[in-house]
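Chemist: According to the working numbering, the sequence shown is numbered sequentially starting from 146.
Don't be surprised by glycine CBs; every beta carbon is placed ideally from N, CA and C.
Source: prediction; values computed, not measured.
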Amino acid sequence: MSETPSPGTAAPRSFLGRALGVIERVGNALPHPVTLFAGAALLVLLFSAAVASLGLEVVHPATGETISAVNLLSVDGLHRILGRLVTNFTSFAPLGTVLVAMLGIAVAEGSGLIAAALKLLVLSAPRRLLTFVIVFAGIMSNTGGEIGYVLLLPLSAMIFLAVGRHPIAGLAAAFAGVSGGYSANLLLGTIDPLLAGLTEEAAHIVDASYRVNPACNYYFMAASTLIVAALGTLVTERVVVPRLGRYSGAEQAELGALTREERRGLVAALLAALAFTGLVLWGTVPADGFLRDPISGDLLHSPFMSGIVAQIFAGGLVVGLAYGVAAGTVRSDQDVVKSMAKAMETLAGYLVLVFFAAQFVAFFNWTNLGLIVAIEGAMVLERSGLPTIALLVLFVVAVGVTNLALGSASAKWALLAPVFVPMFMLLGYTPEFTQAAYRVGDSVTNVISPMMSYFALVVAYVQRYEPRAGLGTLVATMLPYSVVFLIGWTALLALWVVAGLPLGPGAGLYLGR
């Protein structure tokens with residue numbers, strides 16, 4: 146199919162192929178994340194009884210308070226569980242934020258706006274910037290959920306084929322942006338309030354009044370967007386394209402231009418976006434803006450910052466409606482409702498997951514096990530004398546390895562946050578800093594993780610151009626991206642720490658500074 150041997154065709158006999166086979170079998174043997182959380186909640190109950198019976202106590206280093214384990218396998222514990230089962234779910238911080246944000250983005254996606262915008266971005270790119278634009282478009286597509294996997298990946302393969310380059314190289318570049326650059330973005334998306342809610346829940350183990358803003362990592366993630374796009378372009382041009390060689394398969398490119406309706410819709414969406422942005426600026430730029438704190442005039446602690454999720458909803462709704470009406474894809478209110486309902490259908494599994502995750506987090510908090518583990522872990526790390534950068538690198542690598550077995554970003558963070566957020570808080574680091582490090586580790590190994598939910602779909606895309614391709618083909622193609630992203634993105638975060646830059650609005654690196 147190509148002038149050079151297809152990457153990964155001998156993978157089953159190689160060390161890499163055998164290693165990936167082991168990872169795949171182990172990952173497939175793991176239960177569903179819902180079952181993991183249900184089992185974890187039960188284990189917390191058992192551990193609480195065991196630890197409480199041993200009389201284990203620790204002293205809180207900040208307050209001097211003695212922390213003891215609470216036994217939930219008791220009459221009082223049973224009463225607490227029965228009385229709070231519903232409110233554990235309904236008050237779980239990420240639940241409402243994700244649902245509200247998704248409703249707005251659903252209109253933008255359902256109207257066809259996101260698909261048309263991605264198509265315009267890629268088709269308008271100059272030939273010499275084509276790879277960079279594809280990786281960049283992949284990163285930006287994450288604002289609209291999973292649209293990048295179903296639209297941008299096959300589209301990028303066709304674009305590369307149309308300009309005489311290997312289609313798998315175009316697909317790999319898009320996959321690197323969509324999945325390897327998952328958390329980076331110039332815009333806030335559903336992942337921001339989701340992770341912030343989980344981080345806030347975990348921070349309450351140490352400080353019940355701590356608040357985590359959905360935009361807390363925005364500065365770092367916005368800067369990461371350009372860095373990741375540049376690194377993805379470098380790997381594509383210097384490693385992947387030379388390795389794949391010239392494509393000589395039977396597939397032909399079938400790439401259509403934007404229709405007149407799509408162009409008309411994009412113009413309307415642009416005007417609506419400018420109007421919405423102008424309204425937000427009117428409320429935030431003046432010292433007495435209506436989105437600032439009405440008493441102090443502060444912007445960091447204002448309706449603007451606390452209402453970011455509402456603004457994501459409103460922005461997606463306004464711009465999506467403008468596109469849909471102008472393009473003819475939204476003809477009545479029923480079309481809008483259908484788009485929102487479809488988005489809620491895709492979240493059905495998430496709601497089930499959240500119910501059990503909420504119980505696990507609540508039980509973990511009630512037993513004081515999280516605080517005990519955090520205090521003991523913080524003491525071990527403190528005695529180790531490791532500098533901040535070393536701790537940062539270890540944590541990022543640990544998250545990246547965990548991602549190979551548990552692909553869901555929210556499920557993974559719901560398990561890790563109750564331990565690592567309090568632990569790093571006790572070492573003097575903000576929850577926002579821990580979350581930023583988590584987002585790097587969670588993203589960089591997505592492209593080589595068989596447990597990533599869209600991995601099988603990407604393999605199917607590759608097989609369209611290389612029928613003999615398999616799991617080893619895709620992993621061998623994407624492994625250079627994973628390594629370079631891990632090194633480059635972690636280095637950026639380390640430089641951020643050295644420079645002492647804020648991670649986002651009102652979000653520093655160290656507590657009390």
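List the endpoints of the continuous alpha helix (DSSP H) containing T211.
Modeler: As a working note, residue 211 is residue 66 in the sequence shown. Careful: T211 lies outside any alpha helix (DSSP H), inside the beta strand (DSSP E) at T211 to S213.
Chemist: Please state if the CB of L571 and the CB of A212 are separated by a distance shorter than 7 angstroms.
Modeler: Start at 1 with the first residue of the sequence shown, and residue 212 comes out as number 67. Start at 1 with the first residue of the sequence shown, and residue 571 comes out as number 426. Sequence inspection shows Ile at residue 212; the Ala mentioned does not correspond to that position. Not a contact, by the Cβ cut-off of 7 angstroms.
Chemist: Which one of G184, P567, V215 and L188 has the shortest CA to CA distance from L199?
Modeler: For the purposes of this step, residue 199 is taken as residue 54 along the sequence shown, with counting starting at 1. It is V215.
Chemist: Using the three-state DSSP reduction, which class does V203 fall into: helix, strand or coil?
Modeler: Taking the first residue of the sequence shown as position 1, residue 203 is located at position 58. The answer is strand: DSSP assigns V203 an E or B state.
Chemist: If you run the structure through DSSP and keep just helix, strand and coil, what is A329?
Modeler: Working through the sequence shown from its first residue, we reach residue 329 at position 184. The answer is coil: DSSP assigns A329 none of H, G, I, E or B.
Chemist: Roughly how many whole angstroms lie between the Cα atoms of T579 and F569?
Modeler: Position 434 of the sequence shown, counted from the first residue, corresponds to residue 579. Position 424 of the sequence shown, counted from the first residue, corresponds to residue 569. The alpha-carbon atoms of T579 and F569 are separated by roughly 7 angstroms.
Chemist: Would you call D337 buried or exposed, if buried means 16 or more other Cβ atoms sit within 10 Å of its Cβ?
Modeler: Here residue 337 refers to the residue found at position 192 when the sequence shown is read from its first residue. Buried, because 16 or more other Cβ atoms sit within 10 Å of the Cβ of D337.
Chemist: Exposed or buried, what is S441 when buried is set at 16 or more other beta-carbons lying within 10 Å of its beta-carbon?
Modeler: For the purposes of this step, residue 441 is taken as the residue at position 296 of the sequence shown. Classification for S441: exposed.
Chemist: Kindly indicate which residue of E521, V607, G184 and Y626 has the alpha-carbon position closest to the one of S301.
Modeler: The count along the sequence shown starts at 1 and reaches residue 301 at position 156. The residue with the shortest Cα to Cα distance from S301 is V607.
Chemist: What residue range is occupied by the uninterrupted alpha helix (DSSP H) comprising I453?
Modeler: Taking the first residue of the sequence shown as 1, we reach residue 453 at position 308. Where I453 is concerned, the enclosing alpha helix (DSSP H) stretches over I453 to A472.
Chemist: Given a threshold of 16 other Cβ atoms within 10 Å of its Cβ, counted over all protein chains shown, does W427 qualify as buried or as exposed?
Modeler: Along the sequence shown, read from residue 1 onward, the residue named residue 427 stands at position 282. By the neighbour-count rule (16 or more Cβ atoms within 10 Å), W427 is not buried but exposed.
Chemist: With contact counted as at least three CB pairs below 8 angstroms, one residue from each stretch, are the stretch 607 to 623 and the stretch 317 to 334 in contact?
Modeler: Touching, yes, given that three or more Cβ pairs across the two stretches are closer than 8 angstroms.
Chemist: Given this structure, state the Cα-to-Cα distance separating S328 from V220, to the nearest angstrom.
Modeler: Residue 328 sits at position 183 when you count from the first residue of the sequence shown. Residue 220 sits at position 75 when you count from the first residue of the sequence shown. Cα to Cα, the separation comes out at about 43 angstroms.
Chemist: For the pair the stretch 575 to 593 and the stretch 534 to 541, tell me if three or more CB-CB distances fall below 8 angstroms.
Modeler: Yes, since at least three Cβ pairs between the stretch 575 to 593 and the stretch 534 to 541 fall closer than 8 angstroms, the two stretches touch.
Chemist: Consult DSSP for G166 and reduce its assignment to one of helix, strand or coil.
Modeler: Translated into positions along the sequence shown, residue 166 becomes position 21. Below a pLDDT of 50, predicted positions are generally treated as unreliable, and G166, at 48, falls in that range; no measurement from the model is reported.
Chemist: Tell me the rounded alpha-carbon separation between N173 and A413.
Modeler: One-based indexing of the sequence shown puts residue 173 at position 28. One-based indexing of the sequence shown puts residue 413 at position 268. Confidence at N173 is low in this model, with a pLDDT of 48, below 50, so its placement is unreliable and no value can be given for it.
Chemist: Could you spell out the range, first to last residue, of the alpha helix (DSSP H) harbouring H349?
Modeler: Here residue 349 refers to the residue found at position 204 of the sequence shown. Neither: H349 is in no alpha helix (DSSP H) and is coded neither H nor E.
Chemist: Candidates L371, N287 and Y294: which alpha carbon is nearest F277's?
Modeler: Taking the sequence shown and counting its residues from 1, the one referred to as residue 277 is at position 132. The shortest C-alpha separation from F277 is found at L371.
Chemist: Does DSSP put G428 in a helix, a strand or coil?
Modeler: For the purposes of this step, residue 428 is identified with residue 283 of the sequence shown, where counting begins at 1. Residue state, collapsed to three classes: helix.
Chemist: Roughly how many angstroms lie between the CA atoms of Y610 and R437, to the nearest whole one?
Modeler: Position 465 of the sequence shown, counted from the first residue, corresponds to residue 610. Position 292 of the sequence shown, counted from the first residue, corresponds to residue 437. Using only the alpha carbons, I get a separation of about 54 angstroms.
Chemist: Is the CB of V541 under 7 angstroms away from at least one CB in chain B?
Modeler: The structure shown contains no chain B; it holds only a single protein chain.
Chemist: Name, in chain order, the residues that DSSP records as bridge partners for A652.
Modeler: Against the sequence shown, residue 652 aligns to sequence position 507. A652 is bridged to G649.
Chemist: Cβ atoms of V592 and S324: under 7 angstroms apart, would you say?
Modeler: Your numbering for residue 324 matches position 179 in the sequence shown. Your numbering for residue 592 matches position 447 in the sequence shown. Yes, these two residues count as a Cβ contact at 7 angstroms.
Chemist: Just checking my contact of I284 with G326 at CB under 8 angstroms: how many whole Å lie between their CB atoms?
Modeler: On the sequence shown, position 139 is the one that residue 284 refers to. On the sequence shown, position 181 is the one that residue 326 refers to. Going by Cβ atoms, the distance from I284 to G326 rounds to 4 angstroms, so yes, they are a contact pair.
Chemist: Please say whether G651 and N362 have beta carbons closer to each other than 7 angstroms?
Modeler: If you number the sequence shown from 1, residue 362 lands on position 217. If you number the sequence shown from 1, residue 651 lands on position 506. Taking 7 angstroms as the Cβ cut-off, N362 and G651 do not qualify as a contacting pair.
Chemist: Using the Cα positions of P647 and A507, report the straight-line distance between them to the nearest angstrom.
Modeler: Position 502 of the sequence shown, counted from the first residue, corresponds to residue 647. Position 362 of the sequence shown, counted from the first residue, corresponds to residue 507. Distance between the alpha carbons of P647 and A507: 30 angstroms.
Chemist: Can you tell me where the alpha helix (DSSP H) holding F435 begins and where it ends?
Modeler: Taking the first residue of the sequence shown as position 1, residue 435 is located at position 290. Neither: F435 is in no alpha helix (DSSP H) and is coded neither H nor E.
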